[in-house]
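**Student:** Pasting a structure here, questions to come.
Protein chains: 2
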Amino acid sequence: MRLSRYFMPTLREAPADAQIVSHQLMLRAGMVRQEAAGIYAWLPLGLRVLKKIEQVVREEMDRAGAIEILMPTIQLADLWKESGRYDDYGDEMLRILDRGQRELLFGPTAEEVVTDIFRSYVKSYKDLPKNLYNIQWKFRDERRPRFGVMRGREFLMKDAYSFDADEAGARKSYNRMFLAYLNVYARLGLKAVPVKADPGPIGGDLSHEFMILADTGESQVFAHRDLVEMGAPGPDIDWDGDLGPEVARRTSLYAASDEMHDAARFEAMPEDKRMTARGIEVGHIFYFGTKYSAPMKALVTGPDGKDTPVQMGSYGVGVSRLVAAIIEASHDANGIIWPAAAAPFGAVVLNLRAGDAAVDAVCEQAYAALTAAGIDPLYDDRDDRPGAKFAAADLVGIPWQLIVGPKGVAEGVVELKNRATGERQTVPLDAALKAITG
Amino acid sequence: MRLSRYFMPTLREAPADAQIVSHQLMLRAGMVRQEAAGIYAWLPLGLRVLKKIEQVVREEMDRAGAIEILMPTIQLADLWKESGRYDDYGDEMLRILDRGQRELLFGPTAEEVVTDIFRSYVKSYKDLPKNLYNIQWKFRDERRPRFGVMRGREFLMKDAYSFDADEAGARKSYNRMFLAYLNVYARLGLKAVPVKADPGPIGGDLSHEFMILADTGESQVFAHRDLVEMGAPGPDIDWDGDLGPEVARRTSLYAASDEMHDAARFEAMPEDKRMTARGIEVGHIFYFGTKYSAPMKALVTGPDGKDTPVQMGSYGVGVSRLVAAIIEASHDANGIIWPAAAAPFGAVVLNLRAGDAAVDAVCEQAYAALTAAGIDPLYDDRDDRPGAKFAAADLVGIPWQLIVGPKGVAEGVVELKNRATGERQTVPLDAALKAITG
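Here the protein sequences line up with chains A and B, keeping their order.
For what it's worth, our numbering labels the leading residue of the first sequence as 37, then goes sequentially.
For what it's worth, our numbering labels the leading residue of the second sequence as 37, then goes sequentially.
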């Protein structure tokens, strides 16, 4: 993409009401624009990042055997009356009357809709397990939307729902999601810690939140250091096999956020294993049994011929929230530092003297080579000061900066800067391209 | 994808209230499920098609220089009061009050939002032209939603908005979209005819609808046969060059739908050039000048230092509607016939005796080979009658059926069926794979 033709309205200063660094940087980098309280338009750069993250989430869901569907944003109130949640949900639900005075709502979540879909088609244990997910815009009418897309009202969520014949099956489905979530965060360059979450009135041990560690996090996380340092399971585990031991290895070590913290258990660990850090919640997985299937009569016939309510769990990732969370975890004084998997462009070519035939030619050559290699480069071909270009490139956080100026071109070299490390090297163009394309 | 693990709830019969063939087939093929009047959930097969079409539209927009953003579904009423449309829009607009009693709405279109985005950042003619598009769910509260996703209330639309310094620039932007639209439809295997549309109170000649030809279409189309037979311009035209002659070649020949039909002009054409057919509207492009930029004060400074309202056009494609339109244009008595670019899977492997070791082995080999070749195959590995498998494969309309049965396996052959032509050939597996992968 040529920046002269793009739409990347960077700002010198963030508006004063942007309180946290991710919000400030997203506004300054021209990633989003606030349209109303807690409602954002995604400008081109922000949308690219959002789509990258969405795709990582999608791939890891698919790998773990979940199947993508797409539920509408607008739902019927009737379904929520069936589950009993219509009145309970309160003011956070955006309630709507259509022209025929029918009660609708903008879905804050989709347990009711997916349970309705399930019961319409699936009748037998033979068709289980199933895990249906969707990545769709949700709306929660927060009293105090704030922190940009971190706590917006209209937000993009991946929500998956598992259906099993019995609790043992449900636990397997839960384990698959538990490990798939760790892979999502690892691919996005994040350190994620699964902490026990309040299971609510159902009880049991199958409820976890995933906290990513960032100094600016909203919660305090207490965890065994080995758990934090443990790598993600990776894509090659046997998703059909027994994942219990792998999950147990990660849930037996202490980890809790402030809400569920057990100071005595934490203090009992060796001092060098005790780790406290700030965290941001970026996922929640939850087994809730027959909470919706019983009242909504989503029944499956078992091998014994008897009908019982299907066992369900739900699994949420805040996709738009992850954009902000990554920035909280990965930035410096000059701007954002994108991990490769979330970067809006793989590299940026900086033309330090646009209009100079020799410099233009090298830039065009670099741009074409990077495009051909699938790097999806940005090309800063604007007629602007080098200082402004350096600042913009650092601000928007593209992993590689390939800097082309007249002096270097005369000497047959370019400068290559790694945004994360700050390392610079002056090398021939071929070497720079090779470093970028790996 | 193994069908035994997938979620493709095909139905033997369509519900009686499905009046048109695309609605019937989408329900029977398990592509969508109605959640409320005019509101649909997209089941896995339907979502795959929707995403394929969305991606074709995206690629052609990008090629023509438009830049993708994403506007929220929920908009502020205030912007619509600024443009003067809030009261005019009537009952089709889904109006919403949030918990603070602020007036919101579910966007039926986005001229106001995009104009507001534009005026916030762009101030000079030097930053023009710009064309910003988004692919987002819209809501129009139709009095009588019907025909499935063909006329739903919640629907997926690609809407692009061009911004130019003057009318000559706006015409260039219009021409780019005019030709890009033809490329979209051609890639989707559709015959599309651009017909003049009512330009409304602004007048002028820059308003076209795109009708795709299908016997079941809602409108009558009258056109010069040469226009209908004229191929799309293709991707390799010079998008920065003068597209006027290419557009003129296509707008000088007569074409109109019933609303704008001029019988005298039509009758004046040679009889063998007069063509009438049924058509479905699948796109609308429209130059509207300063209709929004003037009241909303979206001004740009010209080379003369004077501020004038920016010249705008809008360009819509009904992405979810296209799913149905393609089916209307491409089906037979047995089901859907997907063009390759919209097909949910590239091929389906039919195992006619699941559980037979030799047949299973050939199927697995075929499935692996097609997967490796990027064909994204479906594998019907269910324990079911061959007749049921043939019927399902025809119904869901995947372009190639690779049929593996015990008799063929014993003889070292498989059967390959082309869904569109019905042609079958009995060949060794390698030859079948080669035919599919091209």
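Virtual Cβ for every residue (Gly too), placed ideally from N, Cα, C.
Nothing here was measured: the structure is a model prediction, and the numbers come from that model.
(1) Using a Cβ-Cβ distance cut-off of 8 Å, determine whether B:Asp-127 contacts chain A.
(2) To the nearest angstrom, how far is the alpha carbon of A:Leu-164 from that of A:Phe-154?
(3) Using only the alpha-carbon positions, how far apart do A:Glu-128 and B:Pro-269 sit?
(4) Can you list, in chain order, the residues of the segment 162-175 of chain A whose Cβ is nearer than 8 Å to any Cβ on chain B?
(5) Mind checking if B:Ile-439 is an interface residue toward chain A, Cβ cutoff 8 Å exclusive?
(6) Going by CA-CA distance only, name the one from B:Gly-391, B:Val-68 and B:Val-445 that's closest to B:Ser-40.
(7) For A:Ala-191, which residues does DSSP report across the bridge?
(8) Assign A:Met-67 to one of three DSSP states: helix, strand, or coil.
(9) What would DSSP say about A:Val-220, mapped onto helix, strand or coil?
(10) Closer than 6 Å by C-beta to A:Tyr-351: which residues in its own chain qualify, once you throw out the five before and the five after it? Chain order, please.
(11) Going by DSSP in three states, A:Pro-230 sits in which element: helix, strand or coil?
(12) A:Asp-274 by DSSP, collapsed to three states: which one?
(13) Measure the CB-CB distance between B:His-244 and B:Leu-289 and report whether it falls below 8 Å.
(14) Starting from A:Gln-91, follow the alpha helix (DSSP H) in both directions and report where the run begins and ends.
(15) Tell me the DSSP secondary structure of A:Val-283 in three-state form.
(16) Compute the Euclidean distance between the alpha carbons of A:Gly-319 and B:Phe-43, then round it to the nearest angstrom.
(17) What residues from chain B crowd round A:Pro-80, counting only those whose CB sits closer than 7 Å?
(18) Check the Cβ-Cβ distances between B:Ile-153 and every residue of chain A, and say whether any is below 8 Å.
(19) Using the C-alpha atoms, what's the distance from A:Ala-428 back to A:Gly-458?
(20) So, is the C-beta of A:Ala-72 closer than 8 Å to a C-beta in chain B?
(21) Closer than 6 Å by C-beta to B:Val-158: which residues in its own chain qualify, once you throw out the five before and the five after it? Chain order, please.
(22) Determine the direct distance from the alpha carbon of A:Arg-455 to that of B:Asp-430, and round the result to whole angstroms.
(23) Count the other CB atoms within 10 Å of the CB of A:Thr-151; is the residue buried (16 or more) or exposed (fewer)?
(24) A:Asp-26 by DSSP, collapsed to three states: which one?
(25) Check the DSSP bridge columns for A:Ala-291 and list the partner residues they point to.
(26) Taking B:Phe-43 as the query, report the chain A residues whose CB atoms sit under 7 Å from its CB, ordered along the chain.
(27) Could you please give the first and the last residue of the uninterrupted beta strand (DSSP E) stretch that includes A:Asp-124?
(28) So what's A:Ala-412 in DSSP terms, helix, strand or just coil?
(29) Which residues, in order along the segment 267-289 of chain B, keep a beta-carbon less than 8 Å from a beta-carbon of chain A?
(30) Indicate whether B:Arg-99 and B:Trp-275 have their beta-carbon atoms separated by less than 8 Å.
(31) Since I believe A:Ala-365 is in contact with A:Leu-249 (beta carbons under 8 Å), could you give me their beta-carbon distance rounded to a whole number of angstroms?
(32) Which residues in chain A sit within 9 Å of B:Ser-156, going by Cβ to Cβ distance?
(33) State the Cα-Cα distance for the pair A:Leu-452 and B:Gly-371, rounded to the nearest angstrom.
(34) State the beta-bridge partners of B:Ser-243 as determined by DSSP.
(35) Step through the CB atoms of chain B and report whether any lies within less than 8 Å of the CB of A:Arg-310.
(36) Output the boundary residues of the alpha helix (DSSP H) element that contains B:Ala-383.
**Tutor:** In this structure, then:
(1) yes
(2) For A:Leu-164 and A:Phe-154, the distance between alpha carbons rounds to 11 Å.
(3) 50 Å
(4) Lys-166, Leu-168, Trp-173 and Phe-175
(5) no
(6) B:Gly-391
(7) It is Phe, not Ala, that sits at residue 191 of chain A in the sequence shown. The partner list for A:Phe-191 (beta bridge, DSSP) reads A:Lys-174.
(8) coil
(9) helix
(10) Ala-196, Met-213 and Ile-321
(11) strand
(12) coil
(13) no
(14) A:Gln-91: member of the alpha helix (DSSP H) spanning 80-99, first to last residue.
(15) helix
(16) 25 Å
(17) Ile-103, Glu-104 and Ile-105
(18) yes
(19) The straight-line gap from Cα to Cα measures roughly 15 Å.
(20) Interface flag for A:Ala-72 against chain B is set, since a Cβ pair is found closer than 8 Å.
(21) Listed in chain order, the non-local C-beta contacts of B:Val-158 below 6 Å within the same chain number zero, local neighbours out to five positions each way being set aside.
(22) 53 Å
(23) buried
(24) The question about residue 26 of chain A has no answer, for chain A in this structure spans 37 to 474.
(25) A:Ala-259
(26) Ile-103, Lys-166 and Leu-168, listed in chain order.
(27) A:Asp-124 -> not in any beta strand (DSSP E); alpha helix (DSSP H) instead, spanning 121-124.
(28) Note on identity: in this sequence residue 412 of chain A is Asp, with Ala being the wrong assignment. Coil at A:Asp-412, not helix or strand.
(29) Per Cβ criterion, the list is empty.
(30) yes
(31) Sure, about 7 Å apart at Cβ, within 8 Å.
(32) Pro-45 and Arg-69
(33) 56 Å
(34) B:Phe-322
(35) no
(36) Element bounds for B:Ala-383: not the alpha helix (DSSP H) but the beta strand (DSSP E), 383-387.
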